[in-house]
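Chemist: Residue numbers (this note's numbering): 4 to 815.
Note that beta-carbon positions come from the ideal geometry of N, C-alpha and C, so glycine has one too.
Given the structure is predicted, the values throughout are model-derived calculations rather than measurements.
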Ligand SMILES: Cc1cc2nc3c(=O)[nH]c(=O)nc-3n(C[C@H](O)[C@H](O)[C@H](O)COP(=O)(O)OP(=O)(O)OC[C@H]3O[C@@H](n4cnc5c(N)ncnc54)[C@H](O)[C@@H]3O)c2cc1C
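1. So, using beta-carbon positions, are residue 260 and residue 236 closer together than 8 Å?
2. Are residue 326 and residue 440 touching if we call contact CB-CB under 8 Å?
3. Quick one: is the Cβ of residue 54 within less than 7 Å of any heavy atom of ligand 1?
4. Across the stretch 30-45 and the stretch 96-103, are there enough close Cβ pairs to call them in contact, namely three or more that are closer than 8 Å?
5. Quick one: complete beta strand (DSSP E) runs, 3+ long, within the stretch 8-42?
6. Using three-state DSSP, classify residue 775 as helix, strand or coil.
7. Rounding to the nearest angstrom, what Cα-Cα distance links residue 75 and residue 88 in this structure?
8. Go ahead and pull the three-state DSSP assignment for residue 575.
9. In the DSSP output, which residue or residues are listed as bridge partners for residue 3?
10. If contacts are defined as beta-carbon pairs under 8 Å, then residue 637 and residue 583 qualify, I think. What distance do you get, rounded to the angstrom?
11. Does the beta-carbon of residue 820 have 16 or more other beta-carbons within 10 angstroms, so that it is buried, or is it exposed?
12. Would you report the Cα separation of residue 778 and residue 232, rounded to the nearest angstrom?
13. Here's the rule: buried if 16 or more other CB atoms are within 10 angstroms of the residue's CB, otherwise exposed. What is residue 451?
14. Shortest alpha-carbon distance to residue 725 belongs to which of 703, 693, 175 and 709?
15. Around the C-beta of residue 26, are 16 or more other C-beta atoms found within 10 angstroms, so that it is buried, or is it exposed?
16. In its own chain, which residues sit with a C-beta less than 6 Å from the C-beta of residue 268, not counting the 5 before and 5 after it?
17. Taking 7 Å as the cut-off, is the C-beta of residue 51 nearer than that to any heavy atom in ligand 1?
18. Is it true that the CB of residue 355 sits closer than 8 Å to the CB of residue 384?
19. So does the stretch 25-41 actually touch the stretch 169-177, counting three or more Cβ pairs closer than 8 Å?
20. Do residue 516 and residue 540 have their C-beta atoms within less than 8 Å of each other?
21. Any heavy atom of ligand 1 within a distance shorter than 7 Å of the CB on residue 121?
22. Which of the three DSSP states, helix, strand or coil, is assigned to residue 149?
23. Could you round the C-beta distance between residue 509 and residue 525 to whole angstroms and report it? I think they count as a contact, below 8 Å.
24. Is the closest heavy atom of ligand 1 to the C-beta of residue 312 under 7 Å?
25. Using 7 Å as the cut-off, classify the Cβ of residue 817 as near or not near the heavy atoms of ligand 1, replying yes or no.
26. Flag this pair as yes or no: are the beta carbons of residue 203 and residue 188 separated by less than 8 Å?
27. Please state whether the Cβ-Cβ distance between residue 435 and residue 664 is less than 8 Å.
28. Within 7 Å: the Cβ of residue 128 and any heavy atom of ligand 2?
29. Around the C-beta of residue 467, are 16 or more other C-beta atoms found within 10 angstroms, so that it is buried, or is it exposed?
30. Thinking residue 741 and residue 789 are a contact (beta carbons under 8 Å), I'd like their distance in whole angstroms, please.
31. Where do the ends of the alpha helix (DSSP H) carrying residue 77 lie?
32. Between the Cα of residue 533 and the Cα atoms of 574, 228, 521 and 66, which residue gives the shortest distance?
33. Which runs of the beta strand (DSSP E) at least 3 residues long sit entirely within the stretch 148-204? Give them in chain order.
34. The beta strand (DSSP E) with residue 586 in it runs from where to where?
35. My understanding is that residue 211 touches residue 181, with C-beta atoms under 8 Å, so please give their C-beta distance in whole angstroms.
36. Residue ranges of each alpha helix (DSSP H) run of no fewer than 4 residues wholly in the stretch 295-359, ordered along the chain?
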């Protein structure tokens, strides 16, 4: 085959991800070339164990893993090459009461996402997996559509189909460089020459970080050793033995040639290749590390006594790329147009390969993610992820937690503190229990003297419940101070700033300077890509505030959608301002004590931005709220933050001021039905479905991105609508992902859940789906139940805020 000089797309890496992406690009009719530095599968793929599980905590990622299963089931028939695919089901054990609660909640999540998962007694589990000792097992879950495959065979089969449909695949062809021009990729270089291209898709496994770093693209993954043992044949191991996960013993199993594969996630993982991957590391394994594996072996023998006497063929030790949050990395790099990444598969690349390759190919072809892929989107990373040492430390914690209990609201412990607001020491002194996001330390709640501000995790009512209730009530009755300095903040400036934002924002931002506009930014499907506030500071100067975790994503969305030829630039000013939100009925009286400026609603109405003189500092004040009270967000030049904080604290004594944290914000916003991006709203939900139509300028004759999709949708019955629910039984714990039943039919799941302390009830929000249409009458007419950890509980639907629906408090 002649070596091409150009190709519409070039894939770098011939592991399962590269080959799956080639398969799907070829299927979409794209001309594609795949370049593999050695042989196909010679990276991590050839030594994978081959378990294919599907259940994750996100609906779209579960759906993506389901795509893998659908693909693998038919692949052998499509290509004639064996794949070793076996749909023998997956079993998951629970050995503690808390794990059993977790498994029951997972079963409910599976049901929410339409995945079959059955709960079994220990005896029923034993019937499926006869070699087990189940004396410590409380219960088990079984997913009949999970399976296993031969990783190399699946990969070669994908490659064969891609070739059959026009893909060009070259082995022993390392890419030696990627060329860029004008902020775009334009070619790759190899020893055989240069290939000009419009899209480079880097699926180079653990080599991805170093390769992408050469062109200024950050891919935060590191290599970690991972081991599994392969035994000789063992009596009583049937061919159809399900895969088994035993999280309380940190181990997993599958059948192989009449024996067992047994691997585990050690609590003390070993990083690999810290100073770079050796030059000729191809088709290679690392030395077996029996000493490190021994604790896994002990745990496994307790479960499968036959392992004690089984012959051991080998202990595979393979390096694999892992990431700081345990999820893989997909999408177009925010730093460089046309450069796509599919890497960092955290030892579930075989399970993900089919689906990940599909959505990555669709992303390349369509120019944007084909569905909500936020949990794996490359833009979920930000400043802390540029430091490989930080990434490695956090990644090792994530690896060690692989089979640990996934507690509600759990925080990472490692690599902290990293980013601190100027108020950090004051807040720590005031009893803050900090959480972490994007490297920032953020107060979650405050302990009073005598209370230890440390989270104790549980599936029951947590130890911070009363502290959060206290902060919640104080916000509703008096006034609270929230340090929200971690907010991402941007300026958009330039001759055409208004025109650019007018196109990107769904709400009308062409209002007069001093206006504050809450808006969504939509994709071409009308889905919500960003949810933020825009303050118009001057004719062509806009100040944008968005969530801490969305800094990279939202900056990328805005910059990539500025229409060509317009003069508008985005500047990230996150670090320039500390942000204090002063919220509650006493906020005005308190603030008025320390500013000469008029804070009356006539001078400073809701939905406006003004500059205030506060304790000697020039502060930008935004009259807005995410907790549903009278209040101001104060954006303070960083060096003035402590002075302002101290002045507010001092003046606050007369007004019942207290510090409050992010967990109080969550309960307060749930009562007010304020949406959270990434939970209640995202790229798969339009403002009409999310009940945010009032914030879209459809009635005005102004074009904007997503308008056509909304106009089309407006004319038809909606297939889903966001609805609020309360549970009369106040002890119920809602966490999100609970299944919604209407008239006994499964209609959706909760996108978010929590407790409203003012109303004294659990609250959830979720989309109610119906193929024949959903409207308000439909939403309010049914009899509803929520399934919580497999139990059905009656609940009541709500369409609006649960308190202050007329906004009297906010507009006071
Ligand atoms: C011990 C072990 C057990 C595992 N078990 C399972 C399991 O049971 N289930 C599961 O789902 N997953 C499992 N995995 C994970 C799975 O192996 C990986 O997630 C998956 O193989 C990753 O595939 P990939 O295509 O991203 O990377 P790779 O397979 O590493 O492919 C990347 C390719 O890129 C090539 N490359 C690198 N640089 C260049 C360059 N400059 N030019 C051209 N080519 C280049 C490399 O040679 C390599 O072939 C396991 C992993 C390990 C280590």
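Modeler: Let me spell this out:
1. yes
2. no
3. yes
4. no
5. 12-15 and 35-38
6. strand
7. 7 Å
8. strand
9. Absent from the model: residue 3. The displayed extent of the chain is 4 to 815, so no value can be given.
10. 5 Å
11. Given that the chain is displayed from residue 4 to residue 815, the structure contains no residue 820 and the question cannot be resolved.
12. 55 Å
13. exposed
14. 693
15. buried
16. 253, 405 and 406
17. yes
18. no
19. yes
20. yes
21. no
22. coil
23. 5 Å
24. no
25. Lying before the first or after the last residue shown, residue 817 is absent from the chain, which here runs from 4 to 815.
26. yes
27. yes
28. Ligand 2 is absent from the structure shown, which contains only ligand 1.
29. buried
30. 5 Å
31. 62-82
32. 521
33. 171-173, 180-184, 187-193 and 196-199
34. 580-586
35. Contact flag wrong, Cβ pair sits at about 12 Å.
36. none
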